[in-house]
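*Asks:* In my numbering, the protein residues as written are 346 to 680. Backbone N, C-alpha and C define an ideal beta-carbon position, used for all residues, glycine too. This one's a predicted model, so the numbers in the text were calculated from it and none came from an experiment. Before I ask anything, let me first share the structure, which is written out below as structure tokens.
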């Protein structure tokens, strides 16, 4: 009997060892597969880290080198040109748009303001648009030193990020920010301020429902899927001001509450209200004097915030066509 028990114990121990051996083998295979999957995931992450930045870059990478300072008349020293060019290239990379500064410093190139606008638009086209046959995203600053006039030419999504709308005129703000530097003769400081504002408004984002209108060609321009598109009419959501829904909902709510109150009152079976006049005999009662006494007045005030800067609703901006047939926005001013 004891021999049978010992034999059974040996069998049970052998089964347990066999189970443990199989479990260990399964665990080893599982760990090997887990290591393989972990290695594959790490490899995929490495590939994604190298691929994602490239996919997020601008459409035409060859244009990156063109984002720089153009100073054919030598307003800046060589060191200043190198420093400002590096700043402009870094700004262009940060905002993922074309950014350029062009300086006119020759007395022979005096031109009217409209001519400066056309020059800036055409210069942007020759740098960034003409080779591709389409509008690219970006902004160019023109400094016309002889006439003390500066102009910002915007294109593509640059028309919305650097907006000239009535309620959110970022172009005018950028012009104002550079004016004090130029008046003090600090042209390098003006270029640095320009790059700072390009950064700032890119971080702020383009205005909600911001659009531009080209009156000459009767075309609207607005954002769709990250690109500036045009059409004879704005989308319905742009044309309808949904802000009226707030007071409308309040009015409808008040009407609904009034109807509910009337329904509740009508369900009561009281024939008369609790007005004491209902319990006074009109035949036996006579009023000798009737007065209307003013008790108090109550007035409330509410502040209405009119600030529309930032990423708020932008209203409509203006745009025009360059001589090359590309749409541009922007604006300028003197210093």
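(1) Which residue comes first and which comes last in the beta strand (DSSP E) that contains residue 489?
(2) Thinking C-alpha only, which one of 528, 485, 521 is nearest residue 461?
(3) For residue 501, count neighbouring C-beta atoms within 10 Å of its own C-beta (all shown protein chains included) and say buried if the count is 16 or more, exposed if not.
(4) Who pairs with residue 444 in a beta bridge, going by DSSP?
(5) Comparing C-alpha positions only, which one of 441, 535, 494, 476 sits nearest to residue 465?
(6) DSSP three-state label for residue 672, please.
(7) In this structure, does DSSP put residue 413 in helix, strand or coil?
(8) Whose C-alpha, out of 577, 436, 573, is nearest the C-alpha of residue 683?
(9) Quick check: what's the CA-CA separation for residue 405 versus residue 525?
(10) Tell me the rounded alpha-carbon separation between residue 475 and residue 456.
(11) Report the three-state DSSP secondary structure of residue 426 (helix, strand or coil).
(12) What would DSSP say about residue 494, mapped onto helix, strand or coil?
(13) Please report the Cβ distance between residue 448 and residue 496, rounded to the nearest whole angstrom; I am assuming they are in contact, meaning their Cβ atoms lie under 8 Å.
(14) According to DSSP, simplified to helix, strand and coil, what is residue 565?
(15) Taking the beta strand (DSSP E) that residue 559 falls in, what are its first and last residues?
(16) Nearest-angstrom Cα distance between residue 564 and residue 417?
(17) Inspect the beta-carbon positions of residue 452 and residue 491 and report whether they are closer than 8 Å.
(18) In its own chain, which residues sit with a C-beta less than 6 Å from the C-beta of residue 575, not counting the 5 before and 5 after it?
(19) I think residue 675 touches residue 516, with their Cβ atoms under 8 Å apart; what is that distance to the nearest whole Å?
*Replies:* Put simply:
(1) 483 to 489
(2) 485
(3) Residue 501 is buried by the Cβ-count criterion.
(4) BP columns for residue 444 point to 484.
(5) 494
(6) strand
(7) Three-state result, residue 413: coil.
(8) Because residue 683 is not part of the residues shown, which for the chain are 346 to 680, the question remains open.
(9) 35 Å
(10) Between the C-alpha atoms of residue 475 and residue 456 there is a straight-line separation of about 24 Å.
(11) Of the three classes helix, strand and coil, the one that applies to residue 426 here is helix, per DSSP.
(12) Looking at residue 494 - three-state DSSP - the assignment turns out to be strand.
(13) Going by Cβ atoms, the distance from residue 448 to residue 496 rounds to 12 Å, so no, they are not a contact pair.
(14) strand
(15) 556 to 559
(16) So the two alpha carbons sit approximately 36 Å from each other.
(17) yes
(18) 564, 566
(19) 6 Å
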